[in-house]
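So the sequence shown is numbered by numbering that gives the first Met the number 0: it starts at 0 and just counts up by one.
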Amino acid sequence: MHISRSRAAVAAACGAALVLTSVSAAEAAAPRQAPPAGAVLSGATEGGGYGAGPSAADLRRATADGALAAGITIPKCQGTYKMPIADVTLKESLKGGIPWQVGLGKKLNSNLGTVNFRTQIFADGHEVAGNGTQKQKWNYKFHGTVKRTFVRQDNKKKFTLQKGRVVSFFWNWHSAAKPNVEGYRYVICQFQP
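Here it is in structure tokens:
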């Protein structure tokens with residue numbers, strides 16, 4: 000099976016969510032057109048795949064009041080969200096905030112070896128400061144915590160996450176040996192401890 004993979008800067012991505020599929024070599028070589036900006040967030044509270052993921056701007060908008068389309072049920076930041084590309088576990092609490100863990104799927108990632116794994120988190124429209132890139136073997140359980148009171152990336156001021164607020168988690172990774180192979184995973188949830 001050949002899996003189509005493209006490398007794109009996440010910040011420059013126009014909100015494209017590439018569906019992971021089995022394709023021929025000719026199809027894999029053909030250029031792909033991304034969906035319109037914001038399409039990935041028009042109805043999905045989670046996603047993942049290879050290539051370009053949602054942009055930072057799309058995720059920031061998704062956490063602002065009323066930004067997600069009406070009628071979308073936003074899950075609590077609690078539980079395990081499974082996809083073949085990567086599983087995500089969130090455990091919200093009033094005292095501890097939102098601890099998270101990401102395990103990359105074996106079938107789709109074991110060929111990557113060591114990966115550079117990047118985390119971006121947006122809460123109430125603000126990027127959470129202090130998240131960065133970790134370099135670990137693909138099967139490492141990447142983890143971290145969004146503390147209830149966190150420092151904002153934009154102005155370095157403290158911000159307290161209130162009950163009912165929307166949080167966007169975005170992770171992307173690429174092989175250290177094959178930097179043109181990039182995967183991503185995102186979850187949008189509501190803080191309701």
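Cβ coordinates follow ideal geometry from the N, Cα and C atoms, glycine included.
Below 7 Å CB to CB, which residues in the same chain sit around Q77 once its five sequence neighbours on both sides are set aside?
L89, K90 and E91
Of the listed residues K177, E126 and W172, nearest to K146 (C-alpha basis):
E126
On the DSSP letters alone, give me the boundaries of the alpha helix (DSSP H) that L107 sits inside.
K105 to N108
Same chain, Cβ closer than 8 Å to Q135, five either side skipped, listed in chain order:
T113, V114, F116 and F141
With C-beta atoms as the reference, is Q100 less than 9 Å away from F169?
no
Under 8 Å Cβ to Cβ from S109, same chain only, skipping five residues before and after it: list those, please.
W137 and N138
Under a Cβ-count criterion, where at least 16 other Cβ atoms within 10 Å of its own Cβ denotes burial, should L111 be classed as buried or exposed?
buried
Within this structure, are the beta carbons of Q189 and I73 separated by less than 9 Å?
yes
Since I97 and T144 are thought to touch, with beta carbons under 8 Å apart, how far apart are those beta carbons, to the nearest angstrom?
7 Å
Out of curiosity, what's the CA-to-CA distance linking V180 and Y49?
8 Å
Run through DSSP, which three-state label would L93 get?
coil
Among all the DSSP beta bridges, which residues are the ones paired with V166?
A122 and C188
Might you give, ordered along the chain, the residues of its own chain that have their beta carbon closer than 6 Å to the beta carbon of V87, omitting 5 neighbours on each side?
Y80, V101 and V186
Nearest by alpha-carbon distance to M82: which of P178, K155 and L107 is it?
L107
Please state whether the Cβ-Cβ distance between F149 and K157 is less than 9 Å.
yes
Extent of the continuous beta strand (DSSP E) run through Y80:
Q77 to Y80
Bounding residues of the beta strand (DSSP E) (the contiguous stretch that carries G47):
E45 to Y49
Per DSSP, which residues does A85 bridge with? Please list them.
L103
CA-CA distance, A122 and N171?
18 Å
Hey, out of E45, Q191, S174 and I84, whose CA is closest to Q133's CA?
S174
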